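> In the working numbering, the protein residues as written are 702 to 1185.
The beta carbon of each residue, even a glycine, is placed where N, CA and C say it ideally should be.
Quick caveat: nothing in here was measured; it's all calculated off a predicted structure.
If you scroll down you'll find the structure; I have some questions about it.
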RNA sequence: CGGGGCGUGGCGCAGUCCGGUUAGCGCGCAUGAUUUGGGUUCAUGAGGCCCCCGGUUCGAAUCCGGGCGCCCCGACCA
């Protein structure tokens, strides 16, 4: 028992590792209701970082935030045939309010296309009203059978963007623009080398013309859909009567899009970067970028050390570096090192009597374990030194994750057995694929996996190849992998 | 929905088969020492409707019946 101090090693039990990290790093806790979670302050700060990174990008591209109701009339869900079919099994429905049976049950939103569609129909009259570019930050509920903290919970937080346009091309451009924003955010801020691509017909959103996704590889090599962007065509416009008068005074249906990224993304960060010591957070997302651990033996040393500690803290804070001083009494420095490593803080600053004497500090990187990642730097010019290190850690984490991803991708052409071996060994296979539902169903039955996406960046553009199951000519290659 | 497992201080468990005084242990927590450049050590202490209801019994955490909840595997799943 006392042997086990940290998280369960990943190769021993990846699931346990994940649960340990989430709980020991105090990201989330279980709730009294099955499948629901309490997002703890440290976890919520990560979500705030996600929000900040995305919100800025949304606003830069002309979107504005609004808020729509949690309750949706049940009839709304039924207006779009595929949509209702896709979501019915996972709806939470309110039938009683104020002690009385409701005339029409209210659905707790699983997503807001319908109620926003209703509003857009009211608001849009003319081509001059377009485009409508709105995003909302909200919670949604889906009655999931099997849940896991952050990855799949019955209630989760997300943002959902909903836009309306005059033409197919504009809607498609918007869909792709938002996918690229997700890609840029994931890569630049979260250091996750996601693969943007298009979903196959059987994997697309219920009611969409087509869906795009960013797919990330987790530490156990399973795939995680980390954000999605949908071109809804005119399906919802027709269901909700979203129409406008064009230049020629002719009534037209709008073209709409929706796109979302949820608290699941926190799961992606945990699993894309974490190691056997626990969480590893990319500096741009880390609630605490630098943790200062003071070292002293007695009161005299403490006074001198803490003086330097508070001075360093103020210097870093004034430079907008997120810094925390671990001044807990009664814990040894060694304990604190492990504790903050488990919590994923990218950079640790140690300040002891020797440092006070030499006007130096010790800096230890989370991304490079042991002695190699540790260095002594002068207190003079600490801001630049820390900034450079944080940048380097950010870049290195992306590099590490990219190398890991690429070393687990295998291209396979026309060899179904080999394809199966790759999938069953846990890797990702890139192969020609027709996108037909029957083929995908066969793969699902044979290997318990479906296509992740047709990557936007095709390795052999303008070429064709034999679809993996049927052998018939396929236009594009797709990734296949087991997923969360 | 099918199969399996489990409900005992905050957490992880022992005790249940074979009923019997104050229900133990580890971790955590509190207080005080000690220690502090990689998870110190020790002392003292706080903390329990033994999931719920009913039954058997002089006596139930333990046996019997019923219920509830959770976890795992499968099925299902944007």
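DSSP three-state call for residue 903: helix, strand or coil?
Helix, per DSSP.
> Taking only three categories from DSSP, how would you classify residue 714?
In the structure shown, residue 714 sits in coil (DSSP, three-state: anything other than H, G, I, E or B).
> Evaluate the contact criterion for the stretch 721-740 versus the stretch 767-783: three or more CB pairs, one atom per stretch, below 8 Å.
Output reads no: the stretch 767-783 does not touch the stretch 721-740.
> Helix, strand or coil: how does DSSP classify residue 944 here?
Strand.
> For residue 788, name the three-state secondary structure that DSSP assigns.
Reduced to three states, the DSSP call for residue 788 is helix.
> By the DSSP assignment, the alpha helix (DSSP H) with residue 777 in it spans what residues?
Taken as a continuous stretch (DSSP letters only), the alpha helix (DSSP H) holding residue 777 covers 775-778.
> Taking a contact to mean a Cβ-Cβ separation below 8 Å, would you say residue 981 touches residue 1068 in this structure?
Their beta carbons are under 8 Å apart, which means residue 981 touches residue 1068 by this criterion.
> Helix or strand or just coil, what does DSSP make of residue 721?
Looking at residue 721 - three-state DSSP - the assignment turns out to be helix.
> Taking C-alpha atoms, which residue in 1168, 967, 1172 and 1137 lies nearest to residue 900?
Comparing Cα-Cα distances from residue 900 to each of 1168, 967, 1172 and 1137, the minimum goes to 1137.
> Look at the alpha carbon of residue 792 and the alpha carbon of residue 775, and state the distance between them as a whole number of angstroms.
Distance between the alpha carbons of residue 792 and residue 775: 10 Å.
> Can you tell me which of 1154, 1172 and 1178 puts its alpha carbon nearest to the alpha carbon of residue 1163?
Taking only the C-alpha atoms, the option nearest residue 1163 is 1178.
> Starting from the Cα of residue 758, find the closest Cα among 885, 830, 816 and 1008 and give me that residue.
If we check each option's Cα against that of residue 758, 885 comes out closest.
> DSSP three-state label for residue 730, please.
Residue state, collapsed to three classes: strand.
> When you compare only the Cα positions, how much space is there between residue 988 and residue 1025?
Answer to the nearest angstrom: the Cα atoms are 10 Å apart.
> Considering only DSSP beta bridges, list what residue 1165 is partnered with.
Bridge partners of residue 1165: none, in fact.
> Which residue wins for smallest C-alpha separation from residue 1113, given the options 796, 829, 859 and 1180?
Taking only the C-alpha atoms, the option nearest residue 1113 is 1180.
> Ends of the beta strand (DSSP E) at residue 862?
Here the beta strand (DSSP E) through residue 862 covers 856-866.
> Is residue 1092 helix, strand or coil when you go by DSSP?
Three-state result, residue 1092: helix.
> If I measure Cβ to Cβ from residue 947 and keep anything under 6 Å in the same chain, skipping five residues before and after, which residues do I get?
Hits under 6 Å: 828 and 953.
> Relative to the alpha-carbon of residue 915, which residue among 1042, 1131 and 877 has its alpha-carbon at the smallest distance?
The residue with the shortest Cα to Cα distance from residue 915 is 877.
> Using three-state DSSP, classify residue 807 as helix, strand or coil.
Note: residue 807 maps to strand in three-state DSSP.
> Where does residue 1132 land, buried or exposed, given buried means 16+ other C-beta within 10 angstroms?
Buried is the call here.
> Taking the alpha-carbon positions, what's the residue 1001 to residue 1011 distance?
Going from the Cα of residue 1001 to the Cα of residue 1011 covers about 16 Å.
> Please list the segments of the beta strand (DSSP E) lying wholly inside the stretch 914-965, counting only runs of 3 or more residues, in order along the chain.
Those beta strand (DSSP E) runs which fall completely within the stretch 914-965 and span 3+ residues are 924-934, 944-946, 952-954 and 956-963.
> Does the beta-carbon of residue 702 have 16 or more other beta-carbons within 10 angstroms, so that it is buried, or is it exposed?
Only weak support is given to the placement of residue 702: the predicted model assigns it a pLDDT of 27, under 50, and the value that follows is read from those uncertain coordinates. The residue in question, residue 702, is exposed, as its Cβ has fewer than 16 Cβ neighbours within 10 Å.
> Taking 8 Å as the cut-off, does the stretch 932-943 touch the stretch 837-852 (at least 3 CB pairs, one atom from each stretch)?
Touching, no.
> Which residues mark the beginning and the end of the beta strand (DSSP E) in which residue 1156 is found?
Start and end: 1151-1156.
> What is the DSSP secondary structure of residue 747, counted as helix, strand or coil?
In this structure, residue 747 counts as helix in the three-state DSSP scheme.
> Going by beta-carbon coordinates alone, are residue 1134 and residue 1175 separated by less than 8 Å?
Yes, they are a contact pair.
> First and last residue of the beta strand (DSSP E) that includes residue 1051?
Per DSSP, residue 1051 belongs to the beta strand (DSSP E) from 1048-1052.
> Going by the CB atoms, is the gap between residue 904 and residue 1152 shorter than 8 Å?
Against a cut-off of 8 Å, the Cβ pair of residue 904 and residue 1152 comes out as a contact.
> Indicate whether residue 1083 and residue 996 have their beta-carbon atoms separated by less than 8 Å.
Their beta carbons are not under 8 Å apart, which means residue 1083 does not touch residue 996 by this criterion.
> Would you mind reading off the limits of the alpha helix (DSSP H) that contains residue 1178?
Looking at the DSSP string, residue 1178 is not in any alpha helix (DSSP H); the run it does join, the beta strand (DSSP E), is 1177-1182.
> So what does DSSP say about residue 1080, is it helix, strand or coil?
If DSSP states are grouped into helix, strand and coil, residue 1080 belongs with coil.
> Is residue 819 close to the ligand FMN? I mean its beta-carbon at under 7 Å from any heavy atom of the ligand.
No copy of the ligand FMN appears in this structure; indeed no ligand is present at all.
> Kindly indicate which three-state DSSP category residue 801 falls into: helix, strand or coil?
Reduced to three states, the DSSP call for residue 801 is strand.
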